[in-house]
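Peer 1:
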Amino acid sequence: MPKLSVTKPCPLKDFLAQSLGISATQAKKLLDAKKVFVNQRRVWMAGYKLQAGDSVETARESERSVPHKTLPRYTVAAADNEYIIVNKMAGLVVNEHQSSLETLLQKDLQNPQIRAAHRLDKDTSGVVIFAQSPRAFAEIVKVFQKFGVEKHYRGITQGNLLKKFPAKFILDQPIDGQSAETRIRILKTNTLASYFEAQIITGRKHQIRVHLAQAGFPLLGEQVYQTAALKNIVYRQIPRQMLHASAVKFTNPLSGQILQAAAPEPPDFQDTLRVLQL
Numbered sequence: 427m428p429k430l431s432v433t434k435p436c437p438l439k440d441f442l443a444q445s446l447g448i449s450a451t452q453a454k455k456l457l458d459a460k461k462v463f464v465n466q467r468r469v470w471m472a473g474y475k476l477q478a479g480d481s482v483e484t485a486r487e488s489e490r491s492v493p494h495k496t497l498p499r500y501t502v503a504a505a506d507n508e509y510i511i512v513n514k515m516a517g518l519v520v521n522e523h524q525s526s527l528e529t530l531l532q533k534d535l536q537n538p539q540i541r542a543a544h545r546l547d548k549d550t551s552g553v554v555i556f557a558q559s560p561r562a563f564a565e566i567v568k569v570f571q572k573f574g575v576e577k578h579y580r581g582i583t584q585g586n587l588l589k590k591f592p593a594k595f596i597l598d599q600p601i602d603g604q605s606a607e608t609r610i611r612i613l614k615t616n617t618l619a620s621y622f623e624a625q626i627i628t629g630r631k632h633q634i635r636v637h638l639a640q641a642g643f644p645l646l647g648e649q650v651y652q653t654a655a656l657k658n659i660v661y662r663q664i665p666r667q668m669l670h671a672s673a674v675k676f677t678n679p680l681s682g683q684i685l686q687a688a689a690p691e692p693p694d695f696q697d698t699l700r701v702l703q704l
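According to the working numbering, the stretch in the sequence shown is residues 427 to 704, in order.
1. Considering only the beta carbon of each residue, do Leu669 and Gln584 sit closer than 7 Å?
2. Identify whether Gln532 lies in helix, strand or coil by the three-state DSSP scheme.
3. Can you tell me which of the three DSSP states Pro437 falls into?
4. Compare the beta carbon distance of Glu483 and Asn678 with 7 Å and say whether it is the shorter of the two.
5. Taking the alpha helix (DSSP H) that His578 falls in, what are its first and last residues?
6. Can Ala564 and Ile555 be called in contact, C-beta distance under 7 Å?
7. I need the boundaries of the beta strand (DSSP E) containing Ile601, first residue and last residue.
8. Fully enclosed by the segment 592-656, which beta strand (DSSP E) runs are 3 residues long or longer?
9. How about Glu648 and Arg580: are their beta carbons less than 7 Å apart?
10. Taking the alpha carbon of Gln532 as the reference point, which residue from Ser559, Pro592, His578 has its own alpha carbon closest?
11. Which residue's Cα is closest to the Cα of Ser551: Lys434, Asp694, Asn586, Gln524?
12. Do you know how far the Cα of Glu528 is from the Cα of Leu613?
13. If we call anything under 7 Å between Cβ atoms a contact, is Ile626 one with Gln633?
14. Provide the residue span of the alpha helix (DSSP H) that contains Ile566, from first to last.
15. With DSSP run on the structure shown, which of helix, strand or coil describes Ser449?
16. Between which two residues does the beta strand (DSSP E) holding Gln686 run?
17. Can you list, in chain order, the residues of its chain whose CB lies under 7 Å from that of Pro600, leaving out five sequence neighbours each side?
18. Does DSSP put Val520 in a helix, a strand or coil?
19. Can you name, in chain order, every residue of its own chain whose Cβ lies under 6 Å from the Cβ of Glu576, other than the five neighbours on each side?
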């Protein structure tokens with residue numbers, strides 16, 4: 427369809443309904459089907475605030491036939507003789523499942539001894555360390571126990587962190603009776619959300635998610651550690667928890683060499699940043 431020009435600020439869903447002569451429900455279905463583009467970028471949030479001068483398009487039915495690039499479920503970010511660092515997509519379980527990343531690696535690399543050295547939540551994307559032998563696994567476990575693995579994350583929270591915290595701060599509330607420390611650096615904020623970088627010094631279960639929820643700023647897309655009902659329609663439309671394991675670094679306990687890798691933020695994470703204007 428031709429481009430629609432926005433003349434004054436308004437919510438995207440309202441603009442679609444008025445401009446196309448359709449109901450609000452039909453406009454929402456277009457957004458849910460991810461067929462709406464603002465300034466040539468796909469937007470699916472009904473509450474997205476359009477500005478004067480924006481252009482809006484919807485995909486034609488015929489465009490369904492255009493091939494869609496399928497992203498790989500994982501990529502190898504770094505490796506040596508003992509360890510592999512893999513960048514996984516969200517939605518993929520790390521281990522203990524027949525369709526897990528661990529199982530995929532064992533099959534793809536033809537090595538049944540490959541084993542995950544730690545876990546990443548199913549809906550968290552980013553880097554994961556795998557050992558290639560029982561000996562390598564036993565040694566990397568010791569490194570983790572001594573907090574010898576440097577792990578960095580990128581994430582997006584609900585609300586403006588700067589209203590409560592400085593640009594850099596530490597969250598150290600115990601988790602399940604154990605000490606826990608998360609170092610946060612705020613990258614960008616607005617009234618809706620905050621984009622941050624985190625380094626976890628300890629490695630407790632769901633540490634970043636728990637600490638941020640305790641602080642009153644749950645991750646966008648958080649389903650478990652949600653502190654209150656989500657009243658903002660933008661929050662309710664986030665596709666997953668917005669957490670990405672962006673980098674990892676450790677010294678190989680068998681070779682003494684440093685192994686490290688970084689993973690760029692995936693498209694859904696970047697799209698959320700853009701929609702939230704972060």
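C-beta: ideal position from N, C-alpha, C; glycine also.
Peer 2: Checking against the coordinates, here is how it stands:
1. no
2. helix
3. strand
4. no
5. Segment 576-584 is the beta strand (DSSP E) holding His578; no alpha helix (DSSP H) there.
6. no
7. Note, Ile601: premise wrong, no beta strand (DSSP E); not H, not E.
8. 594-597, 608-615, 619-626
9. no
10. Ser559
11. Asp694
12. 33 Å
13. yes
14. 560-571
15. coil
16. 684-688
17. Ala606
18. coil
19. Lys675
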